[in-house]
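Inspection log for the structure reproduced underneath, given as structure tokens.
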Amino acid sequence: MEAIHQRKAIGEFLKSRRSSLSPRQFGLPEGHTRRRTPGLRREEVAQLADVSLTWYTWLEQGREVSASAEVLERLATALQLTPAERQYLYLLAGRYASPARDLSEYKLSPAFMHLVNSTPYPFFVIGPENRLIAWNTLACEILTDFSALPTEDMQMLRLVFLHPAFQTKVVNWEQSTKVALSFYRKLYDRTADQPWYIELIGELMEKSKEFEEWWPLHEVADKNGLQVEIEHASMGRLHFEIITFTQINDLENLMCCIYMPLPETQTAEKLAAWKNADTSKTRI
């Protein structure tokens, strides 16, 4: 969006949100004079968000003012924005909205979960803070039993670098992990000021020799074409290309990963045979 259009859109959006709210929702007096327009007044929004009335007025008028992420968050809270509205406000302001810590805001629809469970290949979903939030039976069988992991180990990077059992399954672990790490740097460096990110990177730097060596290289790359080889106890050598996509029903900060069998490797046939023989229920 062009800057002028963005500023105008911010003003119109904020006006629409404050007009949808009632002073009674916040315990504010209705006042002795009749309100000319429904909803909150500008001064009430400014008071609730702890910003100056002049600054907020200029923001609504589309003037060239700067809004920090902290101020945007206070506005989002004051106006009781939904997660989607919050993301939209940050987008208009040219800021990155850090994901909410409450993963319940990222509910996947039953239809999407059916897609995850019915896909005949390993499939998992990474949510905010690099956390695993959904997977199918084959992902557990091929990689690790995600449902058995303690909560603190449910971050994909921790699993890749700090779990020896996972590493030994991936035949080309070093080569594939270097590529994946360069992709993660591009994806997650925009959240470098977030506490969870700082904590995760600090832990990996301390506990993983490989991470300590590779992370400071600042290598950035696309994940397109990333291939992995998995050694399975009963199926033998399996060959995959990791396919990722991030647009899931307009939900932000989610990434799907599918391990697609490479053609002419018999991997798809091995998975199908295992699936037919398996009688365990799909886990989420």
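Just so we're aligned, residue 159 is where the sequence shown starts under the numbering used here, counting upward by one.
We put the CB at the ideal spot given by N, CA and C, even for glycine.
Quick caveat: nothing in here was measured; it's all calculated off a predicted structure.
Original post:
Since Leu-250 contacts Phe-319 with CB under 8 Å, what's their CB separation in whole angstroms?
Top reply: As a first step, residue 250 must be located in the sequence shown, where it is residue number 92. As a first step, residue 319 must be located in the sequence shown, where it is residue number 161. That belief does not hold up - the Cβ atoms of Leu-250 and Phe-319 are roughly 37 Å apart, past 8 Å.
Subject >> Among Ser-210, Val-203, Gly-220, Ile-300, the one whose alpha carbon lies nearest that of Val-329 >> reply: What you label residue 329 is simply residue 171 of the sequence shown in a count that begins at 1. Answer by Cα proximity: Ile-300.
Original post:
Considering only the beta carbon of each residue, do Met-418 and Thr-402 sit closer than 7 Å?
Top reply: The residue labelled residue 418 in the question sits at position 260 within the sequence shown. The residue labelled residue 402 in the question sits at position 244 within the sequence shown. The answer is no: Cβ separation not under 7 Å.
Original post:
Does the distance from the CB of Lys-153 to the CB of Ile-388 come in under 7 Å?
Top reply: Outside the displayed span of the chain (159 to 442) sits residue 153, for which this structure offers no information.
**OP:** Can you say whether Arg-182 is buried or exposed, counting buried as having 16 or more other CB atoms within 10 angstroms of its CB?
**Re:** Here residue 182 refers to the residue found at position 24 of the sequence shown. Counting Cβ neighbours within 10 Å, Arg-182 comes out exposed, since fewer than 16 surround it.
**OP:** Would you give the residue range spanned by the beta strand (DSSP E) that Gln-385 belongs to?
**Re:** Sequence index remark: in the sequence shown, residue 385 carries index 227 (1-based). Run containing Gln-385: 385–390, per the beta strand (DSSP E) assignment.
Original post:
Tell me, which residues are paired with Val-328 by DSSP?
Top reply: As a working mapping, residue 328 is identified with position 170 in the sequence shown. The partner list for Val-328 (beta bridge, DSSP) reads Ile-388.
Subject >> Leu-420 versus His-397, Glu-427, Leu-230, Gln-405, residue with shortest Cα-Cα distance >> reply: The residue you call residue 420 lines up with position 262 of the sequence shown. Ranking His-397, Glu-427, Leu-230, Gln-405 by Cα distance to Leu-420 puts His-397 first.
Original post:
Roughly how many angstroms lie between the CA atoms of Leu-198 and Leu-429, to the nearest whole one?
Top reply: Position 40 of the sequence shown holds residue 198. Position 271 of the sequence shown holds residue 429. Roughly 59 Å separates the two Cα atoms.
Original post:
Quick check: the segment 210–218 against the segment 169–183, are there 3 or more CB pairs under 8 Å?
Top reply: yes
Original post:
Which residue comes first and which comes last in the alpha helix (DSSP H) that contains Leu-307?
Top reply: Taking the sequence shown and counting its residues from 1, one reaches residue 307 at position 149. Per DSSP, Leu-307 belongs to no alpha helix (DSSP H) and is neither H nor E.
**OP:** Check the DSSP bridge columns for Ile-416 and list the partner residues they point to.
**Re:** Taking the sequence shown and counting its residues from 1, the one referred to as residue 416 is at position 258. In DSSP, Ile-416 forms a bridge with Phe-281, Ile-401.
Subject >> For Gln-424, the three-state DSSP class (helix, strand or coil) >> reply: Counting from 1 along the sequence shown, the entry for residue 424 is found at position 266. Here Gln-424 sits in coil by DSSP.
Subject >> Opposing strand residues paired with Ala-292 [DSSP bridges] >> reply: Taking the first residue of the sequence shown as 1, we reach residue 292 at position 134. Val-283, per the DSSP bridge assignment.
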